[in-house]
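Chains as they are written, first to last, in the UniProt record's numbering: chain A, 1 to 250; chain B, 1 to 250.
Glycine residues also receive a C-beta, built at the ideal position from the N, C-alpha and C atoms.
These figures come from a predicted structure and were not determined experimentally.
There are 2 protein chains.
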Amino acid sequence: MNRLISQQHRIRSLGEEMSSLLLAYQLRGKKVVVIGAGEVAAGRVKACYDADASIIEVYGKDVHPDILALEEDGDRTIEIFEGAVRPENVDLEGVSLAFTAIDDRKLSAEFVQLFRNKNIMCNAADIPELCDFYFGSTINRGPLQVLVSTNGNAPRLARRVRQELEHTVDQLGMEGAFAKVGKLREELRKMTVTGEEGYDPQTVKKRMKWMSHICDKFTFSQMAALTDKDIGKLLALYPQKVSYSDIRPS
Amino acid sequence: MNRLISQQHRIRSLGEEMSSLLLAYQLRGKKVVVIGAGEVAAGRVKACYDADASIIEVYGKDVHPDILALEEDGDRTIEIFEGAVRPENVDLEGVSLAFTAIDDRKLSAEFVQLFRNKNIMCNAADIPELCDFYFGSTINRGPLQVLVSTNGNAPRLARRVRQELEHTVDQLGMEGAFAKVGKLREELRKMTVTGEEGYDPQTVKKRMKWMSHICDKFTFSQMAALTDKDIGKLLALYPQKVSYSDIRPS
């Protein structure tokens, strides 16, 4: 393993092209540990909180106000262990994901070793060669999430890529489209419910086929512009094929 | 843990809004296990191979030709264990990431339990409630990678989101821009090399500042259109502030 890690480091130093496996990691039901309680740590806590982590344990002193605010307002558990950070005081039992966000690089590396011993995936702030993963720039619009990674190349450009993609997402009204399609699917489900909880496979299949048809047929802007009345008109036509002119005659 | 997992399942069933932590996972120096050797498994192997996994172990029978082709051509190690898949035959020592891609759901769940016992992050094809992560739709353009996740909402729309973002990426010439900026940075590094390997902090800082300036000042299309001659002109102006008209007078 040591050989492989040093190889990785060598390759990074030479600036060769890197590639990542982009993942949508699920934090529900999982426990996260954050070593450090400053501004960077607060960003990690917020990201994990927004991704529905069940338990977030924070170890550090001078706890950032954003962390305290989440601890108070939150409907999920943030546990703060205030004080100087010592490896022997950190409980890694049942932990799925870990972060270090402290200035002491040696201590940070020590924690990473502890995480690795337990096969806990981790990110060490400012020490890329010790990271199992990076964050990149993200766009969040309702259920739609977009990650932009440039694998360490031109971080300044990465931000601009994100801005351009954000512009496309917003200009086309994608968030609204997802909301309306979600609503349409929900109403359709209520209307066609059969058997216990409506999970009759034939009905589900028929519903999915029709929803796919709508998703293919309407532009994002058309979907985003659907009113409750439009949704009613569409449902009245189920399971026929429809087009935008059926609900908005030109 | 069981309580948490069943809670997760309940929330999914109700179709409430989900959120993921989007990550750029690093596979260099890591070992991956893929249970199954069919078409879906081949997709997993390819994704991990492209993301520079060091060792990929594949367990299954009737191995898909794409896996065999990668095994032969590859400069990295793909090990195929051909035959009926049995948990007792799979070695999970040192494994960072695991996949199941088999039709037998019961066997798949059995493997997931083994992975969890060793804290190995996993994805079970077609069994979302057993997945630690999902893939989503991705765009790969040189060092630029984009992940689109809709957290299970309207998968048909997810594909269209990806297509629209792909259009933006390609229309603005982002891949070319990254290539040219990479080239400029490389030439600049050669030109300004100082000390051992050119890592004098002052020089590095000055270079980075100038590169950021260029990245902010030029559009993607302007960057993508830079010729070797243009790059020479830019370098001759270092470390002055420059604008596009300095190299392409209108």
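(request) Can you tell me which of the three DSSP states Arg-141/B falls into? (result) Within the second sequence, residue 141/B is the residue found at index 141, counting from 1. Three-state DSSP puts Arg-141/B in a strand.
(message) Between which two residues does the beta strand (DSSP E) holding Tyr-59/B run?
(response) Locating residue 59/B in the second sequence gives position 59, counting from the first residue. Note, Tyr-59/B: beta strand (DSSP E), 55-60.
(request) For Ser-221/A, count neighbouring C-beta atoms within 10 Å of its own C-beta (all shown protein chains included) and say buried if the count is 16 or more, exposed if not. (result) Locating residue 221/A in the first sequence gives position 221, where the first residue counts as 1. It is exposed - the Cβ of Ser-221/A has fewer than 16 other Cβ atoms within 10 Å.
(request) Count the other C-beta atoms from every protein chain shown that fall within 10 angstroms of the C-beta of Arg-162/A, then say buried if there are 16 or more, exposed otherwise. (result) The count along the first sequence starts at 1 and reaches residue 162/A at position 162. Result: buried.
(request) Would you kindly check if the distance between the Cβ of Lys-180/B and the Cβ of Gly-94/B is under 8 Å? (result) Along the second sequence, read from residue 1 onward, the residue named residue 94/B stands at position 94. Along the second sequence, read from residue 1 onward, the residue named residue 180/B stands at position 180. Their beta carbons are not under 8 Å apart, which means Gly-94/B does not touch Lys-180/B by this criterion.
(request) Scan the segment 80-114 of chain A and note each continuous alpha helix (DSSP H) run of 4 residues or more that stays entirely inside, going in chain order. (result) none
(request) With Ala-158/B as the anchor, note down where its beta strand (DSSP E) starts and where it stops. (result) Indexing the second sequence from 1 puts residue 158/B at position 158. It is not in any beta strand (DSSP E) - Ala-158/B instead sits in the alpha helix (DSSP H) that spans 155-171.
(request) For Asp-132/A, decide whether its Cβ has a neighbour in chain B, counting only Cβ atoms nearer than 8 Å. (result) Numbered from 1 along the first sequence, position 132 holds the residue referred to as residue 132/A. At least one chain B Cβ lies under 8 Å of Asp-132/A.
(request) Consider the Cβ of Leu-165/B: report whether some Cβ of chain C lies at a distance smaller than 8 Å. (result) The structure shown contains no chain C; the protein chains it does contain are A and B.
(message) For Ala-224/A, report the span of its alpha helix (DSSP H) as first-last.
(response) Against the first sequence, residue 224/A aligns to sequence position 224. Looking at the DSSP string, the run of the alpha helix (DSSP H) that includes Ala-224/A is 220-224.
(request) Ignore the nearest five residues each way along the sequence and tell me which others in Ser-54/A's own chain have a CB closer than 8 Å to its CB. (result) Here residue 54/A corresponds to residue number 54 of the first sequence, with the count starting at 1. These residues qualify, in order along the chain: Leu-27, Arg-28, Gly-29, Lys-30, Lys-31, Arg-76 and Thr-77.
(message) For Val-58/B and Asn-140/B, I'd like the C-alpha separation in whole angstroms.
(response) Against the second sequence, residue 58/B aligns to sequence position 58. Against the second sequence, residue 140/B aligns to sequence position 140. Approximately 25 Å, taken between the alpha carbons.
(message) Taking the straight line between their C-alpha atoms, what separation do you get for Leu-188/B and Asn-153/B?
(response) Position 188 of the second sequence, counting from 1, holds the residue named residue 188/B. Position 153 of the second sequence, counting from 1, holds the residue named residue 153/B. Leu-188/B and Asn-153/B: Cα-Cα distance of roughly 46 Å.
(request) Please state whether DSSP places Ser-19/A in a helix, a strand or coil. (result) Looking up residue 19/A in the first sequence gives position 19. Correct three-state label for Ser-19/A: coil.
(request) State buried or exposed for Val-45/A, treating a residue as buried only when at least 16 other CB atoms are found within 10 Å of its CB. (result) To locate residue 45/A, count along the first sequence from 1; it is residue 45. With 16 or more Cβ atoms within 10 Å of its Cβ, Val-45/A is classed as buried.
(message) Can you tell me which residues form a DSSP beta bridge with Ile-78/A?
(response) By one-based count along the first sequence, residue 78/A stands at place 78. Bridge partners of Ile-78/A: Ile-56/A.
(message) I'd like to check one pair, Ala-42/A with Ile-67/A: are the Cβ atoms closer than 8 Å?
(response) Here residue 67/A refers to the residue found at position 67 of the first sequence. Here residue 42/A refers to the residue found at position 42 of the first sequence. Against a cut-off of 8 Å, the Cβ pair of Ala-42/A and Ile-67/A comes out as a contact.
(message) For a quick check, are the C-beta atoms of Ala-24/B and Leu-144/A less than 8 Å apart?
(response) As a working note, residue 24/B is residue 24 in the second sequence. As a working note, residue 144/A is residue 144 in the first sequence. The answer is no: Cβ separation not under 8 Å.
(request) Could you list which residues in chain A have their beta carbon closer than 9 Å to that of Ile-153/B, in chain order? (result) Residue numbering aside, residue 153/B sits at position 153 when the second sequence is read from its first letter. Note on identity: in this sequence residue 153/B is Asn, with Ile being the wrong assignment. The answer, in chain order, is Gly-142, Pro-143, Leu-144, Phe-178, Val-181, Gly-182 and Arg-185.
(request) Count the other C-beta atoms from every protein chain shown that fall within 10 angstroms of the C-beta of Asp-132/B, then say buried if there are 16 or more, exposed otherwise. (result) As a position in the second sequence, residue 132/B is number 132, starting the count at 1. Result: buried.
(request) Look at Cys-122/B and Ala-98/B and say whether their C-beta atoms are less than 8 Å apart. (result) Counting from one through the second sequence, the residue named residue 122/B turns up at place 122. Counting from one through the second sequence, the residue named residue 98/B turns up at place 98. Result yes, Cβ atoms of Cys-122/B and Ala-98/B sit closer than 8 Å.
(message) Assuming the contact rule is C-beta atoms closer than 8 Å, Pro-239/A and Lys-206/A should be a hit. Round their C-beta distance to whole Å, please.
(response) To locate residue 239/A, count along the first sequence from 1; it is residue 239. To locate residue 206/A, count along the first sequence from 1; it is residue 206. With a Cβ gap of about 6 Å, Pro-239/A and Lys-206/A count as contacting.
(request) Quick one: residues in its chain with C-beta nearer than 7 Å to the C-beta of Arg-185/B, no 5 flanking neighbours on either side, listed in chain order? (result) Along the second sequence, read from residue 1 onward, the residue named residue 185/B stands at position 185. Answer for Arg-185/B: Met-211, listed in chain order.
(message) Would you say Lys-190/A lies against chain B (beta-carbon separation less than 8 Å)?
(response) For the purposes of this step, residue 190/A is taken as residue 190 along the first sequence, with counting starting at 1. False, the Cβ-Cβ gap to chain B never drops below 8 Å.
(message) Helix, strand or coil, according to DSSP, for Phe-178/B in the structure here?
(response) What you label residue 178/B is simply residue 178 of the second sequence in a count that begins at 1. Here Phe-178/B sits in helix by DSSP.
(message) Here's the rule I'm using: 16 or more other beta-carbon atoms within 10 Å means buried, otherwise exposed. How should Arg-160/B be labelled?
(response) Residue 160/B sits at position 160 when you count from the first residue of the second sequence. With 16 or more other Cβ atoms within 10 Å, it is buried.
(message) Using 8 Å for Cβ pairs, my map puts Ser-125/B next to Val-40/B. What's the rounded Cβ distance?
(response) The residue you call residue 125/B lines up with position 125 of the second sequence. The residue you call residue 40/B lines up with position 40 of the second sequence. Looking at the sequence itself, residue 125/B is Ala, so the reference to Ser does not match. Contact flag correct, Cβ pair sits at about 5 Å.
(request) Note down, in chain order, each residue of its chain lying with its Cβ closer than 6 Å to the Cβ of Leu-226/A, except the 5 sequence neighbours on either side. (result) Within the first sequence, numbered from 1, the residue matching residue 226/A stands at position 226. The answer, listed in chain order, is Lys-180.
(request) List the residues of chain B whose Cβ lies closer than 9 Å to the Cβ of Asp-73/A, in chain order. (result) The residue you call residue 73/A lines up with position 73 of the first sequence. Chain B residues near Asp-73/A: none, gap ~17 Å exceeds 9 Å.
(message) Here's the rule: buried if 16 or more other CB atoms are within 10 angstroms of the residue's CB, otherwise exposed. What is Ala-84/A?
(response) Reading the first sequence from its first residue, position 84 is the one you call residue 84/A. The residue is exposed, with fewer than 16 neighbouring Cβ atoms inside 10 Å.
(request) Could you please tell me which residues of the segment 42-64 of chain A, in chain order, have their CB closer than 9 Å to any CB of chain B? (result) Ala-47, Cys-48, Asp-50, Ala-51, Asp-52, Ala-53, Ser-54 and Ile-55
(request) Measure the alpha-carbon distance for Asp-104/B versus Gly-136/B and round it to whole angstroms. (result) As a working mapping, residue 104/B is identified with position 104 in the second sequence. As a working mapping, residue 136/B is identified with position 136 in the second sequence. Taking the straight line from one Cα to the other gives about 23 Å.
(request) Note down, in chain order, all residues in the segment 94-122 of chain A with a beta-carbon under 7 Å from any beta-carbon belonging to chain B. (result) Contact residues of the segment 94-122 of chain A toward chain B are Gly-94, Lys-118, Asn-119, Ile-120 and Met-121 (C-beta to C-beta distance below 7 Å).
(message) Which of the three DSSP states is assigned to Ile-243/B in this structure?
(response) Here the question's residue 243/B lines up with position 243 in the second sequence. Position check: residue 243/B holds Ser in this sequence, whereas Ile was assumed. Coil at Ser-243/B, not helix or strand.
(message) Quick check on Gly-232/B: buried or exposed, where buried means 16 or more other Cβ atoms within 10 Å of its Cβ?
(response) If you number the second sequence from 1, residue 232/B lands on position 232. Its Cβ having fewer than 16 others within 10 Å, Gly-232/B is exposed.
(request) Taking C-beta pairs closer than 7 Å, name the residues in chain A that Ser-149/B reaches, listed in chain order. (result) Numbered from its first residue, the second sequence carries residue 149/B at position 149. Residues of chain A passing the Cβ test: Ala-24 and Gln-145.
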